[in-house]
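Numbering (my numbering), first residue to last: 534 to 951. Working notes, beginning with the structure itself.
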Ligand code: 7TS
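Written out as structure tokens, the structure is:
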């Protein structure tokens, strides 16, 4: 297993120390200490994020960009500050390149409706990969059906690594957009986005990176990647639900039409028409999720305090440990490439036991894993399966918890193979 390349600057992450910051880590589930291995679905929240939301409502609650009173000013500054934190975190040149949305899904829809819908025409091509989350498939299928665009899928090999050898022939003069998931929420594989961007640029295509499973887990820099669009969700990176973001290069945001129309996204309105507000507000119509944005800012403060290189190093250590221990169980089938960079996501099946039964039994022991298709049905079909169990790790997970998973799986095998 190759480790992600990491630069270790700060103190090694101690998950037991981190756990003290997460109230939910002391919960019992079905009488057992919670083992939360469903981080790819959503992460838990540290006290500082919970407090930031409470503090906002207790001390600063007001609408933004509207009033001259003190609370409105404070709320406006805090909400803008949160955009700046996201921008710094992903290496954007300018915080105005960061638009807050509800989640990664909405961010991709924003690109589909506000950019692609007006810039692509019948016969133009969009290339995505077979390992995309449904959120990076279905909006493009809508566009294909509405506008006659051709939607192509880059395949994976039998282990689940992208067929990069096929990329040059899949890209044509008509390819206008390439959509690629940075880290798979099923296989954990980290795709070589930089390389894909280079190939895409040769034909003049824009590149959208789905970073929902990467930004929370290792350092991501949009300028280094060279991408045009990048999306992520706050709730997968310690932030609250209902807040996510879109990064897009400034000139693209300037050229793009608005996505949603109404209050706050305008500069002036007459009975004849309207002009648009400055970036990023042109894309944030109506009263936004102010508390959520501030909570996301607090989540970024927390992650930055740990250092993202240390976050990645901890997860790699845990992943390698878990893969080693799972390989002791010959009746567990693991999915995903055995080599190359991966984040802490492991999908597997237990021989002759339905994934929902595995997950249900583990839950009885307080272990939360996800079972199902993980919103990646085309990938599951390509792998010849319908469902899998998935364990996904984060900063508060420990090797002792992995041991509990292994013990739980041994019991599953005993119980269900009778
Ligand atoms: N892209 C990836 C790679 C994801 O993992 C997810 C969510 C999304 C996009 C969509 O994020 P949303 O916040 O807009 O829903 N993934 C998962 C998952 O694996 N289980 O639940 C949600």
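Ideal Cβ positions, reconstructed from N, Cα and C, are used throughout, including at glycine.
Cβ-based burial, residue i [other Cβ within 10 Å; buried from 16]
{"i": "residue 706", "result": "exposed"}
{"i": "residue 534", "result": "Note on residue 534: pLDDT 37, under 50, position unreliable in the model; the coordinate value appears next. Exposed: under 16 other Cβ atoms inside 10 Å."}
{"i": "residue 860", "result": "exposed"}
{"i": "residue 863", "result": "exposed"}
{"i": "residue 810", "result": "buried"}
{"i": "residue 806", "result": "exposed"}
{"i": "residue 688", "result": "exposed"}
{"i": "residue 551", "result": "buried"}
{"i": "residue 536", "result": "Bear in mind that the predicted position of residue 536 carries a pLDDT of just 41, short of 50, making it unreliable; the figure below should be weighed with that in mind. Counting Cβ neighbours within 10 Å, residue 536 comes out exposed, since fewer than 16 surround it."}
{"i": "residue 554", "result": "buried"}
{"i": "residue 888", "result": "buried"}
{"i": "residue 741", "result": "buried"}
{"i": "residue 766", "result": "buried"}
{"i": "residue 743", "result": "buried"}
{"i": "residue 590", "result": "exposed"}
Residue i, DSSP secondary structure in three states
{"i": "residue 536", "result": "Note on residue 536: pLDDT 41, under 50, position unreliable in the model; no value is reported."}
{"i": "residue 578", "result": "coil"}
{"i": "residue 767", "result": "helix"}
{"i": "residue 696", "result": "coil"}
{"i": "residue 719", "result": "coil"}
{"i": "residue 902", "result": "coil"}
{"i": "residue 787", "result": "helix"}
{"i": "residue 545", "result": "coil"}
{"i": "residue 678", "result": "helix"}
{"i": "residue 880", "result": "strand"}
{"i": "residue 553", "result": "coil"}
{"i": "residue 870", "result": "coil"}
{"i": "residue 773", "result": "coil"}
{"i": "residue 565", "result": "strand"}
{"i": "residue 571", "result": "strand"}
Span of the alpha helix (DSSP H) around residue i
{"i": "residue 857", "result": "841-859"}
{"i": "residue 605", "result": "603-622"}
{"i": "residue 932", "result": "932-949"}
{"i": "residue 801", "result": "Careful: residue 801 lies outside any alpha helix (DSSP H), inside the beta strand (DSSP E) at 799-802."}
{"i": "residue 640", "result": "637-643"}
{"i": "residue 777", "result": "Run containing residue 777: none in the alpha helix (DSSP H); it sits in the beta strand (DSSP E), 777-781."}
{"i": "residue 890", "result": "888-897"}
{"i": "residue 733", "result": "726-735"}
{"i": "residue 914", "result": "910-915"}
Residue i beta carbon near the ligand 7TS (any heavy atom closer than 7 Å)
{"i": "residue 903", "result": "yes"}
{"i": "residue 662", "result": "no"}
{"i": "residue 920", "result": "no"}
{"i": "residue 910", "result": "no"}
{"i": "residue 714", "result": "yes"}
{"i": "residue 777", "result": "yes"}
{"i": "residue 746", "result": "yes"}
{"i": "residue 666", "result": "yes"}
{"i": "residue 718", "result": "yes"}
{"i": "residue 950", "result": "no"}
{"i": "residue 642", "result": "no"}
{"i": "residue 645", "result": "no"}
{"i": "residue 889", "result": "no"}
{"i": "residue 636", "result": "yes"}
{"i": "residue 576", "result": "no"}
{"i": "residue 766", "result": "yes"}
{"i": "residue 593", "result": "no"}
{"i": "residue 906", "result": "no"}
N- and C-terminal bounds of the beta strand (DSSP E) containing residue i
{"i": "residue 662", "result": "658-662"}
{"i": "residue 761", "result": "Run containing residue 761: none; DSSP gives neither H nor E here."}
{"i": "residue 714", "result": "708-714"}
{"i": "residue 820", "result": "Element bounds for residue 820: n/a, residue is neither H nor E."}
{"i": "residue 809", "result": "807-809"}
{"i": "residue 685", "result": "683-687"}
{"i": "residue 923", "result": "921-925"}
{"i": "residue 867", "result": "865-867"}
{"i": "residue 739", "result": "739-743"}
{"i": "residue 589", "result": "Counting along the chain, residue 589 falls outside any beta strand (DSSP E), and DSSP gives it neither H nor E."}
{"i": "residue 633", "result": "631-634"}
beta-carbon residue i near the ligand FAD non-hydrogen atom, thresh 7 Å
{"i": "residue 832", "result": "Looking for the ligand FAD in the displayed structure turns up nothing; the ligands present are the ligand 7TS."}
Within-8 Å CB hit, residue i to chain B
{"i": "residue 949", "result": "The structure shown contains no chain B; it holds only a single protein chain."}
Should the region 569-578 be called in touch with the region 924-938, which here means at least 3 C-beta pairs below 8 Å? yes
Stretch pair the region 656-673 + the region 783-795: three plus CB contacts closer than 8 Å = no
Open item on the list: I want to know whether the region 793-801 touches the region 773-780 - three or more CB-CB distances under 8 Å.
Closed with: no
- request: Take every Cβ of the region 689-698, pair it with every Cβ of the region 941-951, and state whether three or more of those distances are shorter than 8 Å.
  value: no
Can we say the region 729-738 touches the region 600-611, given the rule of at least three CB pairs closer than 8 Å?
no
Under 8 Å, with one C-beta from each stretch per pair, do the region 846-854 and the region 633-652 reach the 3-pair mark?
no
Examine the Cβ distances between the region 871-883 and the region 716-723 and report whether three or more of them are shorter than 8 Å.
yes
### Query
Just checking, does the region 606-626 make contact with the region 751-765 on the three C-beta pairs under 8 Å criterion?
yes
- prompt: Does the region 576-583 come close enough to the region 828-839 to have 3 or more Cβ pairs within less than 8 Å?
  reply: yes
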